[in-house]
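Structure record follows, encoded as structure tokens.
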Amino acid sequence: MAEVVGIVSAGVGIAAFVVQITSTIDRLKTAYEFNQSKANVEMDVIVRRLEVLREILLSLEQIQGPRFVELAINNCQLTYSRADTALQQVTDKLSYLRDRRWRIARHTAEIRDNLEEASLKLDHVNCDLQLALLAQGRALTPPAIADSNTAHIIRSSPTSSALPRQKAFDCTRAHCHCSCHMTRRSSDRFWFFEYSPMFLWSSSCSTSQCTATRYRWSLQFALSNYKIPFKVHTTLEFIAQAGMYSLRPALSVQRVVRYTSPGFETLWLFKQGYISLPEAQGRFRELAKCDGTLKHHINPGGRNYVQELLSNGPAVGQCQESQFELLRSLVCELGMSLEKLDQKFLVRCARWIGEGWHIYLLEKILEYGFDPSCSDSPVYEEWPSTCSPSWICEEITPDPFFIEYLAILTKACPGFAGLTPLHDMVLQNDRDAVASFLSRSELRVQKNFLGQTPLHLACGNPDVVELLVQAGHDMDVTDKQGITPLMYASATENISTVQLLLTKGANPFLRDSKWERNFIDYAAVRGQWQLIIQALATIQTHYPQDDFDYFVYCAWMQLISCTRGRDDVWSRVMANLVSLPADCNTLFDDYHLGVQDNNLLHYVTDRDDAEVLVQHGFRSFNLPNSKGRTAIYSLAPKLNAQLTRFLLDHGTDLNHVDQQGHTVLFKLCQRLSYMGHKVWDALDSIRICLSGGLDVCSSDDCRCPCSPGGCFLPAAFDIASRNYIIPRQPSFVWGMEFLSIVEEVKGLDDSKRVLLGFLRKSHFEKIDITHVCCCKGSRIPGSDSHSRKSMAEDDIDEIMDEEREFIAELETEMLLAASKPMGCLLSEWMVMLRDKYKEEYEKRDKKYKEYEKRKQRSGSHETSDMPPYNVDYKNDTYRICYGGHMPSPTPITKYMAEYIIWLEHQYNRSEASGEAESQRRAWYERRLAWFTELMDVMEVDAETLAKEVEYYIQHGSWEERNIPDRERIVERFLASMEIRKSAKDGP
Numbered sequence: 001m002a003e004v005v006g007i008v009s010a011g012v013g014i015a016a017f018v019v020q021i022t023s024t025i026d027r028l029k030t031a032y033e034f035n036q037s038k039a040n041v042e043m044d045v046i047v048r049r050l051e052v053l054r055e056i057l058l059s060l061e062q063i064q065g066p067r068f069v070e071l072a073i074n075n076c077q078l079t080y081s082r083a084d085t086a087l088q089q090v091t092d093k094l095s096y097l098r099d100r101r102w103r104i105a106r107h108t109a110e111i112r113d114n115l116e117e118a119s120l121k122l123d124h125v126n127c128d129l130q131l132a133l134l135a136q137g138r139a140l141t142p143p144a145i146a147d148s149n150t151a152h153i154i155r156s157s158p159t160s161s162a163l164p165r166q167k168a169f170d171c172t173r174a175h176c177h178c179s180c181h182m183t184r185r186s187s188d189r190f191w192f193f194e195y196s197p198m199f200l201w202s203s204s205c206s207t208s209q210c211t212a213t214r215y216r217w218s219l220q221f222a223l224s225n226y227k228i229p230f231k232v233h234t235t236l237e238f239i240a241q242a243g244m245y246s247l248r249p250a251l252s253v254q255r256v257v258r259y260t261s262p263g264f265e266t267l268w269l270f271k272q273g274y275i276s277l278p279e280a281q282g283r284f285r286e287l288a289k290c291d292g293t294l295k296h297h298i299n300p301g302g303r304n305y306v307q308e309l310l311s312n313g314p315a316v317g318q319c320q321e322s323q324f325e326l327l328r329s330l331v332c333e334l335g336m337s338l339e340k341l342d343q344k345f346l347v348r349c350a351r352w353i354g355e356g357w358h359i360y361l362l363e364k365i366l367e368y369g370f371d372p373s374c375s376d377s378p379v380y381e382e383w384p385s386t387c388s389p390s391w392i393c394e395e396i397t398p399d400p401f402f403i404e405y406l407a408i409l410t411k412a413c414p415g416f417a418g419l420t421p422l423h424d425m426v427l428q429n430d431r432d433a434v435a436s437f438l439s440r441s442e443l444r445v446q447k448n449f450l451g452q453t454p455l456h457l458a459c460g461n462p463d464v465v466e467l468l469v470q471a472g473h474d475m476d477v478t479d480k481q482g483i484t485p486l487m488y489a490s491a492t493e494n495i496s497t498v499q500l501l502l503t504k505g506a507n508p509f510l511r512d513s514k515w516e517r518n519f520i521d522y523a524a525v526r527g528q529w530q531l532i533i534q535a536l537a538t539i540q541t542h543y544p545q546d547d548f549d550y551f552v553y554c555a556w557m558q559l560i561s562c563t564r565g566r567d568d569v570w571s572r573v574m575a576n577l578v579s580l581p582a583d584c585n586t587l588f589d590d591y592h593l594g595v596q597d598n599n600l601l602h603y604v605t606d607r608d609d610a611e612v613l614v615q616h617g618f619r620s621f622n623l624p625n626s627k628g629r630t631a632i633y634s635l636a637p638k639l640n641a642q643l644t645r646f647l648l649d650h651g652t653d654l655n656h657v658d659q660q661g662h663t664v665l666f667k668l669c670q671r672l673s674y675m676g677h678k679v680w681d682a683l684d685s686i687r688i689c690l691s692g693g694l695d696v697c698s699s700d701d702c703r704c705p706c707s708p709g710g711c712f713l714p715a716a717f718d719i720a721s722r723n724y725i726i727p728r729q730p731s732f733v734w735g736m737e738f739l740s741i742v743e744e745v746k747g748l749d750d751s752k753r754v755l756l757g758f759l760r761k762s763h764f765e766k767i768d769i770t771h772v773c774c775c776k777g778s779r780i781p782g783s784d785s786h787s788r789k790s791m792a793e794d795d796i797d798e799i800m801d802e803e804r805e806f807i808a809e810l811e812t813e814m815l816l817a818a819s820k821p822m823g824c825l826l827s828e829w830m831v832m833l834r835d836k837y838k839e840e841y842e843k844r845d846k847k848y849k850e851y852e853k854r855k856q857r858s859g860s861h862e863t864s865d866m867p868p869y870n871v872d873y874k875n876d877t878y879r880i881c882y883g884g885h886m887p888s889p890t891p892i893t894k895y896m897a898e899y900i901i902w903l904e905h906q907y908n909r910s911e912a913s914g915e916a917e918s919q920r921r922a923w924y925e926r927r928l929a930w931f932t933e934l935m936d937v938m939e940v941d942a943e944t945l946a947k948e949v950e951y952y953i954q955h956g957s958w959e960e961r962n963i964p965d966r967e968r969i970v971e972r973f974l975a976s977m978e979i980r981k982s983a984k985d986g987p
């Protein structure tokens with residue numbers, strides 16, 4: 001019975017083998033008919049040998065013989081697969097060059113090499129089958145006759161016993177991707193020196209089958225700066241093979257044009273955005289009419305117009321569509337060629353992946369005539385990184401592992417950069433071809449120049465992945481960045497592949513060698529959160545609980561570090577992760593912020609997120625991190641009334657101080673530095689915290705005389721009117737609003753203590769005493785973005801000893817102030833603020849005028865007619881003119897206008913709160929009273945403020961459109977000012 005099964009399977013195998021050979025014959029005949037003048041003799045010989053092989057197989061199909069016939073056929077199929085690979089490369093190459101007949105001549109030698117290789121392998125196939133026929137004939141022939149015939153045939157076929165060997169790589173071949181091709185470069189604008197690194201001499205080649213090594217030194221220098229329009233290029237190659245060494249010197253001279261020639265000047269202006277696409281196209285057309293050699297121009301750096309256009313990625317001053325349209329004009333209209341460009345041009349085009357245009361650019365350059373088969377293979381060290389955080393947006397960049405990119409290249413150039421036939425089949429998603437190849441090929445590691453195996457490239461096709469895994473391909477194999485197929489599948493949103501690899505035993509704990517990411521990290525940086533949830537479910541089923549907890553932790557680490565958009569994706573993912581059976585009180589080390597032991601509450605976005613945590617067992621509201629800060633410190637930049645009340649309801653300690661001795665109040669006040677929609681939330685949260693028992697007078701251990709007993713809240717506000725482009729502290733106007741809130745919530749005594757703190761700081765600035773606190777009086781104490789190292793105690797003692805007389809004067813002033821009533825103190829503070837503001841304003845205005853005078857004297861006074869660049873024809877370079885500008889002093893009306901916007905809008909908001917109209921009006925009148933006094937002291941009229949209010953509402957950052965209502969705010973403010981003026985003037 002076993003013998004019958006063997007014969008039947010052999011017959012089926014022969015039939016499939018015959019069909020395969022017939023298909024190859026048809027392909028070769030088609031190629032032969034179209035390209036009869038190229039390698040026609042070699043191709044005709046192979047076609048005839050294939051026809052003979054087919055006849056032999058057909059004769060064997062009728063034989064019901066022993067098992068050695070089947071073994072011979074199987075061996076011949078394996079050998080034939082290698083020959084078929086070489087023939088496939090020939091037909092693919094001829095097919096690709098079908099519409100480019102004038103290029104075929106350059107590939108004739110390569111085609112002949114492939115045909116000779118295939119012919120040799122076909123000899124082995126025919127010999128093996130002939131031996132099978134003889135052995136079968138011997139079984140049916142008398143022994144004497146059989147012995148004599150067999151001996152004769154064996155003696156006449158000395159190569160019949162030779163085994164097929166794996167093809168060796170020659171580093172001197174164009175498509176070799178060995179590390180021997182790696183070069184380093186030192187360059188300037190008019191020269192470059194390219195060389196093989198010295199460590200290549202002592203290290204082995206990255207390709208184990210390589211039989212030759214190449215070391216290269218190349219020097220190019222242009223003489224155009226000396227008015228000699230040529231560049232000289234000299235190259236020396238040293239090649240070492242088995243028993244052979246050779247030197248290959250080369251010298252070439254090429255005509256060049258200057259960087260500032262009309263063509264390259266046009267291209268530079270276009271890339272910088274100084275001229276439009278139609279203008280650039282028009283200039284090039286005019287230049288082409290005047291200069292017939294335009295399409296052959298090379299600049300001193302060795303680049304033509306196409307290379308220069310695409311050299312540094314998308315142009316900063318143009319959209320990519322315009323850049324591609326200019327490329328089309330240069331190639332299709334002006335006849336500029338892409339044919340002789342080397343692999344470095346392809347590498348530069350691949351670097352467009354950072355902006356996401358690399359695939360489209362590749363399709364265009366192939367369409368316009370770039371032939372990757374005519375240049376050396378790129379090497380890994382020069383190729384851009386895969387899935388890199390340095391891209392503009394790693395999450396949405398297409399084809400992060402160059403899989404689609406390689407699929408396009410392999411169609412144009414089979415075997416590109418180390419791609420094997422199996423790689424090609426996988427890239428074309430040909431499942432049947434992969435299955436057929438695996439059934440007749442031996443298992444071996446196959447990697448391209450990026451270290452990618454067929455399993456890496458198959459991550460988007462679960463069926464092919466399953467075939468490769470069943471064939472024994474290593475699931476944990478890594479590319480040259482240490483990335484596994486599981487990471488590839490995670491980053492490319494292939495959940496079926498991820499689940500297949502996890503269930504088949506792929507190691508999920510591995511991390512790559514460059515970014516140290518695991519598969520969860522790759523899915524997260526690509527925004528594949530649904531894949532992560534499903535992968536965690538698979539891990540929960542197939543792995544121990546400790547392993548599951550570890551990967552949930554990894555997912556949490558990625559979630560807390562990702563950027564959040566305006567949608568609710570973050571909240572939904574958080575809810576899904578919290579629902580998993582893992583402890584939500586886990587602590588995290590946040591390397592982005594340089595802090596350890598944060599919990600999940602540090603990262604929630606609103607009350608709903610916090611409530612989800614509590615529902616799943618979160619209880620660490622008052623657990624401090626390594627900086628001594630509880631969750632409310634981290635939430636301070638996004639606290640609103642609802643979230644603040646939620647934290648207080650769950651026992652958050654408002655009077656907790658961090659390692660610097662500060663409560664959360666300092667963090668809340670920091671939000672008042674920038675006017676926008678978040679100011680309302682900040683002031684709402686401050687009022688709730690004060691009502692909840694927050695100590696407004698809590699201070700740190702600072703010894704600076706500006707705040708006796710330590711810095712407390714007045715140190716957070718700017719009372720010196722310093723003019724910073726980026727505000728470091730809230731304006732003193734917000735300090736006055738803070739006084740109002742403290743008086744309403746805490747009472748008059750606490751409000752007076754805070755006001756005395758403001759007055760002390762103003763007297764401190766007036767006397768000009770030196771700050772010895774860490775903030776130096778110019779930033780919010782404890783601010784992470786402006787942290788400074790504290791002064792040494794000895795230095796503090798020395799400064800305070802030198803200024804003890806000034807400090808005594810300050811104490812005398814404050815002793816007198818403590819006996820004055822609240823209203824008098826407030827008026828006194830306003831006068832001091834006015835004087836300080838005028839002093840600072842005059843200083844800055846004087847500097848500003850001196851700066852303008854210097855510009856006029858130096859002849860650099862800018863006008864709107866001057867171009868923003870300069871073409872230096874003498875030094876053959878370009879310069880962008882960055883206009884030097886000293887900002888004019890910030891007027892006091894800016895800060896006052898911001899407060900009016902908040903005041904009027906807050907009054908409108910209170911209508912929906914259900915508060916009584918009398919209470920709302922009293923709240924409004926209290927603030928309007930001191931603000932009107934401030935206007936009088938600062939000598940600012942209502943009309944001027946109204947114009948400022950309109951400007952800042954129009955140009956401010958607001959969460960919703962038409963909120964705040966500009967017309968309503970201005971109208972109410974002017975009406976209120978008119979009422980108060982009428983009341984002051986009397987009937």
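For the sequence shown, the UniProt record's numbering assigns the number 1 to the initial residue and increments by one for each residue that follows.
Note that the Cβ used here is the ideal one computed from N, Cα and C, for glycine as well.
Here the structure is a predicted model, which means the values were calculated and not measured.
Under three-state DSSP, which class holds residue i?
i	result
residue 998	Summary: the structure shown does not reach residue 998, with the chain confined to residues 1 through 987, and so no result is reported for it.
residue 604	coil
residue 191	strand
residue 597	strand
residue 529	helix
residue 983	helix
residue 564	coil
residue 795	helix
residue 956	coil
residue 579	coil
Just reading off the beta strand (DSSP E) that residue i is part of, what are its end residues?
i	result
residue 378	No beta strand (DSSP E) holds residue 378; DSSP gives it neither H nor E.
residue 251	244-255
residue 1012	No statement about residue 1012 is possible, as the shown extent of the chain runs from 1 to 987 and does not include it.
residue 240	230-241
residue 519	Residue 519 -> not in any beta strand (DSSP E); alpha helix (DSSP H) instead, spanning 519-525.
residue 218	212-222
residue 870	869-872
residue 878	877-880
Kindly indicate the opening and closing residues of the alpha helix (DSSP H) around residue i.
i	result
residue 1000	No information on residue 1000 is available, as it lies outside the stretch 1 to 987 that the chain covers here.
residue 421	421-427
residue 438	431-439
If I'm right that residue i touches residue j with Cβ under 8 Å, what's the distance once you round it to whole angstroms?
i	j	result
residue 655	residue 644	Between residue 644 and residue 655 the Cβ distance is about 15 Å, and since that is not below 8 Å, they are no contact.
residue 240	residue 213	5 Å
residue 631	residue 677	Not really, about 23 Å apart at Cβ, beyond 8 Å.
residue 235	residue 216	7 Å
residue 747	residue 700	Not really, about 24 Å apart at Cβ, beyond 8 Å.
residue 587	residue 621	Wrong, their Cβ atoms sit about 14 Å apart, outside the cutoff.
residue 410	residue 424	5 Å
(message) If contact is defined by three or more beta carbon pairs under 8 Å, each pair taking one atom from either stretch, is the region 431-448 in contact with the region 75-90?
(response) Yes, the region 75-90 touches the region 431-448.
(request) Specify whether the region 613-620 and the region 635-644 touch according to this definition: at least 3 beta carbon pairs, one from each stretch, less than 8 Å apart. (result) Contact fails: fewer than three Cβ-Cβ distances are below 8 Å.
(request) Decide yes or no for the touch test of the region 349-359 against the region 393-405: beta carbon pairs closer than 8 Å, at least 3 of them. (result) They touch, by the three-pair rule.
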